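Notes follow once the structure below has been shown.
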Amino acid sequence: MESFDVVVVGARCAGSALATYLARAGMRVCLIDKAQLPSETPSTHVIQPRGVTILAELGALDPVLAHGASQLDSFSMVIDDVSLDGVLGDTFPHLGLNVRRTILDHALLQVATDAGADVRTGCRVTGVRTAGSRVNGVDTVDGPVGTGLLVGADGRGSVVAKSVGAHEYLTAPGGRIPVWGYFATGTQEPRLRIGRRGNFSFLASPTDSGLYMAAVGVDHREITDFNRDRETNFCNALRHWPELDAIVGDADRDGPLRVMANWHSYFRESAGPGWALVGDAGHFKDFSPGQGISDALCQAKSLSLAISASTGSASVQDATLKRWWKQRDRSSYDMYWFAMQMAPPGPPSALTAEVIRRIAADPDGATTLLKVMNRDLPTAKLFTPPRLLAATYATLRNHPHQRRATFAEIGTQMSAEIDKLRARFGSHATATAD
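Read in our numbering, the sequence shown has 333 at position 333, and its numbers run on one by one without any break.
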């Protein structure tokens, strides 16, 4: 049986990036994926500057740009009649990016191959191999493969997670179902658009190859009715945001409308004897802020450093990877709750609109929001107590008939903050790992 220092199952963003880092560090790495890559997979396609920095470091940025990936230098957030606009400028070392996964995953897989990883696509993993309680390999349709460490980078439906019995915690149901398409609009302003109008949420920007990606978030309680006439309902949803409808409304669509159904937010146990989980395999959040790709790339880098620092005994490896898992959780809590609060089911509340109105009125508000989205600042820097108090006062004054709903929303937000503190200081990861 052939054996490697590390076997990575899943060869998309997290897996290919991790394999590249490890192979460059001199390890023998086998990268396995059941799919014949490149192929489509559900994705927001949006990459924050922190993720683009990793692409540049890996050597995947130039190939992606050569395929026409759109570099995003501005953004608009719209909450009903409130608009917040900003530009990236020189705030970050790189601009944002939007690129389809067929192009991104191909570029990442190529750099992993060039780094010396043994890449095996179209190879399905059927289970893990163990010696006692320790994972020491995988079974595949092409035969067994041995390893000193198994990493699952195989997404929400991770075979590795299921095989090692990785439990979920801090779970939350999905509030909206994303429906998206690609439209042949030609060259468009490189602007990321995030919004909520009526009962819909939106995420849109130009992507590669002269196409424009537009996604509509449908309340999960209404998705069955929406899907009865998906084409018509998608077009009707776009009309809630006239600026977006003007871009894609009359454009030819490239392929069908895509849908990501049956998702939920979660953390999973992400380290154990001889194994670890990275990317969506270990943690998945609401798609509204478009954080998944950047999370996968940044986690791949941090996990590669942890693996490289734990090449001694098995006990050293286990302890190091558990520390990495705990740190991943701590660094993810803030955005995890923020993502759920960005676009819950139903129309935006008057309180939400008032908060965004005050952020928009602050000369530094747009930059602060960008830094929060790039994980450079905590959300507390955006939702400050004075800003929240002023928004609450304005809502109660201007919308007295919504008083009960406003207080209920405040209670929900306070409960979320308490949950966040409990997660951070109660440390689910610590309790599970120890």
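We treat Cβ as the ideally placed atom computed from N, Cα and C, and that holds for glycine. Since the model is a prediction, treat every value here as computed from it, not as a measurement.
Query                                                                                                                : Result
Of the listed residues Leu58, Ala69, Asp254 and Ala25, nearest to glycine 45 (C-alpha basis)                         : The sequence given here has histidine at residue 45, not glycine. Closest by alpha carbon: Ala69.
Check whether methionine 77 and leucine 84 have beta carbons under 8 Å apart                                         : yes
N- and C-terminal bounds of the beta strand (DSSP E) containing asparagine 136                                       : 134-140
Sequence ranges, beta strand (DSSP E) only - wholly within the segment 52-128, length at least 3                     : 70-72, 74-79, 82-87, 96-98 and 118-121
Where the alpha helix (DSSP H) through leucine 389 begins and ends                                                   : 385-398
Per DSSP, the bridge partner or partners of alanine 204                                                              : Arg193 and Ala214
Per-residue DSSP class, three states only, for valine 316                                                            : helix
Limits of the beta strand (DSSP E) - the one that aspartate 33 falls within                                          : 29-33
Residues near arginine 358 by beta carbon distance below 7 Å, same chain, minus five either side                     : Arg387, Ala390 and Ala391
Lysine 322 burial status per 10 Å Cβ neighbour count (16 or more: buried)                                            : buried
Three-pair Cβ contact test at 8 Å for the segment 295-303 versus the segment 9-16                                    : yes
For proline 49, three-class secondary structure by DSSP                                                              : helix
For leucine 257, three-class secondary structure by DSSP                                                             : coil
Validate contact between the segment 189-206 and the segment 228-246 using beta carbons, cut 8 Å, 3 pairs            : yes
Integer-rounded CB distance, given that methionine 213 should sit under 8 Å from aspartate 286                       : 18 Å between Cβ atoms; not a contact.
Member of Arg196, Thr171 and Ser133 whose CA lies at the smallest distance from the CA of tyrosine 333               : Thr171
Buried or exposed by the 16-neighbour rule on C-beta atoms within 10 Å, applied to isoleucine 418                    : exposed
Top-ranked residue by Cα proximity to valine 125, from Gly143, Leu97, Asn136 and Thr406                              : Gly143
Distance CB(arginine 268)-CB(glycine 279) smaller than 8 Å                                                           : no
Alpha carbon of glycine 165 to alpha carbon of tryptophan 324, nearest angstrom                                      : 19 Å
8 Å Cβ cutoff met for alanine 117 and threonine 20                                                                   : yes
Of the listed residues Leu109, Thr130, Val128 and Arg129, nearest to arginine 120 (C-alpha basis)                    : Leu109
Contacting residues, own chain, Cβ-Cβ under 8 Å from alanine 433 (five flanking each side not counted)               : Low confidence applies here, because alanine 433 scores a pLDDT of 41, under 50, leaving its location unreliable; read the following figure in that light. Only Glu269, Ala271, Lys322, Trp325 and Lys326 meet the Cβ criterion.
Arginine 328 beta carbon less than 8 Å from that of arginine 424                                                     : no
Residue(s) in a DSSP beta bridge with serine 43                                                                      : Beta-bridge pairing links serine 43 to no other residue.
For isoleucine 54 and leucine 61, the rounded distance between their alpha carbons                                   : 9 Å
Local conformation of tryptophan 263 per DSSP, three classes                                                         : coil
Residues near tryptophan 337 in its chain [Cβ-Cβ closer than 6 Å; skip 5 each side]                                  : Ala416 and Lys420
Contact under 8 Å by Cβ, threonine 185 with arginine 101                                                             : no
Contact under 8 Å by Cβ, alanine 353 with aspartate 80                                                               : yes
Secondary structure of glutamine 291, DSSP reduced to three states                                                   : coil
Tyrosine 393 classed as buried or exposed, judged by whether at least 16 other C-beta atoms fall within 10 angstroms : exposed
Option in Pro49, Val128, Leu18 and Ser158 with minimal Cα separation from valine 372                                 : Pro49
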